[in-house]
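Those sequence lines, one after another, are chains A and B. The opening position of the first sequence corresponds to residue 1 in the numbering used here, with each subsequent residue numbered one higher. The opening position of the second sequence corresponds to residue 167 in the numbering used here, with each subsequent residue numbered one higher.
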Amino acid sequence: MRINTKNKLWIYLTLIISIALDIFSPEMIMHWKPLLTLLCLIYWNMALPDKVGITEAMLFGLLLDLYTGSLLGLHALLFVCFTYACQRFFYQFRVSPLWQQSVILFFLFFIFKMVFTFDFLNVTSGMNVSDLPYISSAILFALISSLCWPPTVYVLRELRRKKIAT
Amino acid sequence: MLRREHKVSNISSEAIFAIPAMKPYRVVIAISLCFAFMLSDITYNSSVIVRSFALDLLKPVNLIIELPMQISEEVFDNLSSKQNLQRKVDALEEENLKLKVSNEYLQKLSIDLSKLNTLWSSIDIQKDRFVISEKNFLSSNTFQPMLVLTIQDPKEIEKNSPVISEQGLVGRINNIGFLTAEVLLLQDIRSSVPIISEESSLHGILNGKGLDRKGELQFIKKTANFKKGEKIFTSGLGGIYPKGLPIGKISSISDPVDSEFLKVEISFNSTPLNHEYFLVYKNEN
């Protein structure tokens, strides 16, 4: 098997596992559980920007849209934007300490969660459906996702070093 | 490689070399495609068709994930020789669930009978009209939560069939695949259910506001005499939900000064969380 194909397979495997964990996560943590697919995608965009890109972001975004029941294309759009931001600023992001990366990701994940409050289907009288409990859960989600960033980095880094040839 | 000599990545601990930048036209095309998907979903509800089959494809993944748990359960059951007893308990639980739903019906019917003395003949509550379905998974989407049920035979149920738990109405079938069916929950912001209140017998439309949130009655005039704590049931108007299914109770009534309508919040009896089995009500038609 060609090295490039093998590398892609490993990257896709991590993304598939993370999307499966996102879909089948326990219900009691569903409102604040970290979005592992996005964390994985960010990591691969940072670590191997020449191997992961827009196609993967769109593909896994659309899958998540289908399996979470959200508006088709919304996750994909956000994933594409995140991928672009990661690839545009990865020189700056990669060299910063992990705690700084986590802080940046906290704000990104908060924005990510708040985008879902826009009433795209126009079913309510207002422009959006956010309220205090939702904002609190969005902050919690962003906090836990940013806290999960260092373990994600360490796990995927080990995998990358052992399995992915560069 | 020393940090002071080269810029070193904190992620890969390697020197950072130039990598060709992402081409902007690809990003523009991808974003345009995403907007096209969103517009087609908003306008034509295109995701409904794709989603039912996509959910079918996910079924094997679900089985793989559940496999270790099932194996351990099986081993445990075999070791403790309780398998037969377990089957009996499952069957009894199923029967109990059906009876509880029937009981909810009967309670509402008896109230209506004392008021109108006519509903006994108009509502049929045969147990054969229920199909039991197991929960596959519940999506974490707050505003458009999606409950996916495993179905034995797609022909047994039809679109818009009400889905019920022992506590009351849960939602209606929105989409049917070969192995799974998607349920539009009462809590979904797209859900609208015609309701009637128990004591005041006032009608209204109940809209969902998201999972773990209270629903809200739409366009209730300020002269309406709803009472806090009053139970609400499906009114049967619209022809989708049968009359008399319990939904919840009025948790708060407020009179906002900047609105011409009352704000009536409803706490739902039934939630898809922590429930494994649901009943799908087969419509007579």
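The beta-carbon is built from N, C-alpha and C at its ideal position, and this holds for glycine as well.
If the five residues before and after Lys113(A) are omitted, its C-beta is found closer than 6 angstroms to the C-beta atoms of Ala138 and Phe141, all from its own chain and listed in chain order. Sequence-distant Cβ neighbours of Pro34(A) in its own chain, meaning closer than 6 angstroms and more than five residues away, are Ile144, Ser145 and Cys148. Just so you know, the alpha carbons of Leu77(A) and Gly69(A) end up roughly 15 angstroms apart. Beta-carbon to beta-carbon, Ile339(B) and Asn326(B) are separated by about 6 angstroms, close enough to satisfy the 8 angstroms threshold.
Taking 8 angstroms as the CB threshold, Asp421(B) stays off the interface with chain A.
Bridge partners of Ala347(B) according to DSSP: Leu315(B) and Ile342(B). Interface annotation, Arg192(B): in contact with chain A, CB-CB separation under 8 angstroms. For the pair Leu21(A) and Leu36(A), the CB atoms are nearer than the 8 angstroms cut-off.
Any Cβ of chain A closer than 8 angstroms to the Cβ of Arg338(B) would place that residue at the interface, and such an atom is absent. Close to chain A, meaning a Cβ-Cβ distance shorter than 8 angstroms, are the following residues of the stretch 301-332 of chain B: Phe303, Leu304, Ser305, Ser306, Asn307, Thr308, Phe309, Gln310, Pro311 and Met312.
Note that the stretch 91-107 of chain A does not touch the stretch 207-217 of chain B; fewer than 3 beta-carbon pairs, one per stretch, sit closer than 8 angstroms. According to the DSSP assignment, Val297(B) belongs to the beta strand (DSSP E) that extends over Phe296 to Leu304. If you ignore the 5 residues before and after Phe109(A), its C-beta comes within less than 7 angstroms of the C-beta of Phe141, Ala142, Ser145 and Ser146, all in its own chain and listed in chain order. At a cut-off of 8 angstroms between beta-carbon atoms, Lys33(A) makes contact with chain B.
Going by beta carbons, Leu66(A) and Arg217(B) fall inside the 8 angstroms limit. Unbroken alpha helix (DSSP H) stretches of 4 residues or longer found wholly inside the stretch 73-137 of chain A: 74-95 and 98-115, given in chain order. Here Val227(B) carries a helix assignment [DSSP, helix/strand/coil].
Of all C-beta pairs linking the stretch 350-363 of chain B to the stretch 432-448 of chain B, three or more are shorter than 8 angstroms, placing the two stretches in contact.
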